[in-house]
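Everything below concerns the one structure shown next.
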Amino acid sequence: MAKIGDIDVGEFPLLLAPMEDVSDPPFRALCKEQGADVVYTEFISSEGLIRDAAKSVMKLDIYEKERPVGIQIFGANLESMLQSVEIVEKSGPDIIDINFGCPVKKVVSKGAGAGILKDIDLMVSLTDAMVKHTNLPVTVKTRLGWDHDSIKILEVAERLQDVGCKAISIHGRTRAQMYKGEADWAPIAEVKNNPRMHIPVFGNGDVDTPERAIEMRDKFGLDGAMIGRASIGYPWFFREVKHYFETGEHLAPPNLQERVEAARRHLQMSIDWKGEKLGVFETRRHYTNYFKGIPHFKEYRMKMVTSDDAADVFAAFDEVEKEFSGFEFA
Numbered sequence: 001m002a003k004i005g006d007i008d009v010g011e012f013p014l015l016l017a018p019m020e021d022v023s024d025p026p027f028r029a030l031c032k033e034q035g036a037d038v039v040y041t042e043f044i045s046s047e048g049l050i051r052d053a054a055k056s057v058m059k060l061d062i063y064e065k066e067r068p069v070g071i072q073i074f075g076a077n078l079e080s081m082l083q084s085v086e087i088v089e090k091s092g093p094d095i096i097d098i099n100f101g102c103p104v105k106k107v108v109s110k111g112a113g114a115g116i117l118k119d120i121d122l123m124v125s126l127t128d129a130m131v132k133h134t135n136l137p138v139t140v141k142t143r144l145g146w147d148h149d150s151i152k153i154l155e156v157a158e159r160l161q162d163v164g165c166k167a168i169s170i171h172g173r174t175r176a177q178m179y180k181g182e183a184d185w186a187p188i189a190e191v192k193n194n195p196r197m198h199i200p201v202f203g204n205g206d207v208d209t210p211e212r213a214i215e216m217r218d219k220f221g222l223d224g225a226m227i228g229r230a231s232i233g234y235p236w237f238f239r240e241v242k243h244y245f246e247t248g249e250h251l252a253p254p255n256l257q258e259r260v261e262a263a264r265r266h267l268q269m270s271i272d273w274k275g276e277k278l279g280v281f282e283t284r285r286h287y288t289n290y291f292k293g294i295p296h297f298k299e300y301r302m303k304m305v306t307s308d309d310a311a312d313v314f315a316a317f318d319e320v321e322k323e324f325s326g327f328e329f330a
């Protein structure tokens with residue numbers, strides 16, 4: 001059984017990755033219902049938190065039904081990171097996660113996210129200080145390295161563990177790769193198989209089928225899988241992986257009614273949480289996957305992703321439910 005500090009997260013837990021403008025409370029709630037064992041917030045800027053930036057502060061919201069939930073923060077300034085820890089604690093998360101892996105230029109250019117992979121000593125000292133500044137378990141999400149020639153993940157993982165990191169999630173790509181090519185899980189397995197390591201080592205990157213999750217568990221021996229893109233617009237991925245673990249068989253995909261109902265709930269929860277304008281806008285990216293496989297769907301998808309009026313989007317859901325009521329998903 002994997003444990004993050006004193007939190008039992010089960011045998012080979014499935015973790016929802018922190019994804020910007022995706023892993024918000026409504027989506028996390030849906031993923032939790034479908035079997036996600038641990039969910040993480042969108043990454044939150046430490047500088048935004050200490051300046052009381054509305055968007056950053058809003059990301060601190062969590063639902064009780066999400067637990068265990070981790071709030072992820074990023075930054076490169078020690079004082080700002082420590083102040084942000086104090087702010088985060090007030091939201092009552094179960095875990096504080098540090099983002100040392102985001103490859104986006106606007107984050108990296110400030111020395112944060114994957115940018116800190118150029119300065120391992122700073123990565124370790126920041127983690128050390130944050131661990132000492134909170135009683136909550138601190139975890140880290142990172143990448144293999146800055147580029148192919150600077151992969152030091154074995155050393156990094158050991159040093160982070162030694163300063164008190166309670167779990168590490170590793171994306172199987174370098175920062176230079178961004179999201180291109182295939183994730184390489186072999187170096188993550190080397191971290192896990194290092195006899196000095198005793199904290200959970202979770203793999204991330206390209207877990208897009210139940211078979212890939214099994215491979216991560218059985219071939220590479222990792223402690224759990226962090227799932228990102230495969231879950232966007234498809235929270236059922238978590239239950240499908242668990243069903244496959246238990247039976248060796250693929251679970252039938254959700255039917256049309258389940259998909260429409262999930263899309264309705266998702267949109268309504270988003271509106272309730274962030275207002276109609278943002279709620280409508282930020283759920284758009286999910287609709288392609290919610291209804292993937294329906295033929296001649298473009299007309300309906302365009303209604304969902306171009307209207308700023310929630311009533312129009314809900315009406316489009318009703319049309320889809322009526323028009324494709326007999327459709328069976330493969």
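Going left to right, the sequence shown walks through residues 1 to 330 as the UniProt record's numbering numbers them. Even for Gly, the Cβ is constructed at its ideal location relative to N, Cα and C.
Selection from the options that minimises the alpha carbon distance to residue i
i, options, result
"Q177", "D24, A213, H148", "H148"
"E79", "A54, H133, E66", "H133"
"Q257", "I271, K274, G101, F291", "F291"
"I98", "I44, G92, N204", "I44"
"G92", "M81, F100, L117, K65", "K65"
"T247", "R229, G221, I214", "I214"
"F100", "T142, A76, I199", "T142"
"K322", "I294, V280, S46, A54", "I294"
"D308", "F324, R264, V280", "V280"
Cβ neighbours of residue i in the same chain (closer than 6 angstroms, five flanking residues each side left out)
i, result
"P187", "L144, I153"
"A36", "L14, L16, F238"
"M304", "Y287, V313, A316"
"G115", "V108"
"A183", "G172, R173, G205, D206"
With 16 other Cβ atoms within 10 Å as the buried cut-off, status of residue i
i, result
"S231", "buried"
"N193", "exposed"
"E240", "buried"
"H171", "buried"
"H250", "exposed"
"S23", "buried"
"residue 333", "Residue coverage of the chain in this structure runs from 1 to 330, which leaves residue 333 outside it and unanswerable."
"Y287", "buried"
"T306", "exposed"
"T174", "buried"
"G224", "buried"
"Y179", "exposed"
"S56", "buried"
"K277", "exposed"
"K242", "buried"
"H296", "exposed"
DSSP state of residue i mapped onto helix, strand, coil
i, result
"Q161", "helix"
"R173", "coil"
"I98", "strand"
"R284", "helix"
"A2", "strand"
"D8", "strand"
"Q72", "strand"
"R196", "coil"
"F314", "helix"
"G293", "coil"
"G181", "coil"
"G279", "helix"
Spatial neighbours of residue i in its chain, beta-carbon cut-off 8 angstroms, leaving aside the 5 residues before and after
i, result
"N289", "I232, G233, Y234"
"D128", "V163, G164"
"L82", "A129, M130, H133"
Cutoff 7 angstroms: residue i Cβ touching any chain B Cβ
i, result
"S91", "Among the protein chains of the structure shown there is no chain B, as only one such chain exists."
7 angstroms CB neighbourhood of residue i in its chain, flanking five on each side removed
i, result
"V320", "V260, F291, Y300"
"M216", "W185, G203, V207, L222, A225"
"I199", "Q161, C165, K166, A167, I168"
Worksheet entry | Secondary structure, beta strand (DSSP E): runs of 3+ residues fully inside the stretch 207-250 | Considered as a whole, the stretch 207-250 harbours 224-227 as its complete beta strand (DSSP E) runs of no fewer than 3 residues, in chain order.
Worksheet entry | Uninterrupted beta strand (DSSP E) stretches inside the stretch 14-79 (no shorter than 3 residues) | Counting only runs of 3 or more residues that sit fully inside the stretch 14-79, the beta strand (DSSP E) segments are 14-16, 38-40, 69-74, in chain order.
Discussion item. Which complete beta strand (DSSP E) runs does the stretch 88-143 hold, if anything under 3 residues is left out?
Written reply: Complete beta strand (DSSP E) runs here, min 3: 95-100, 138-143.
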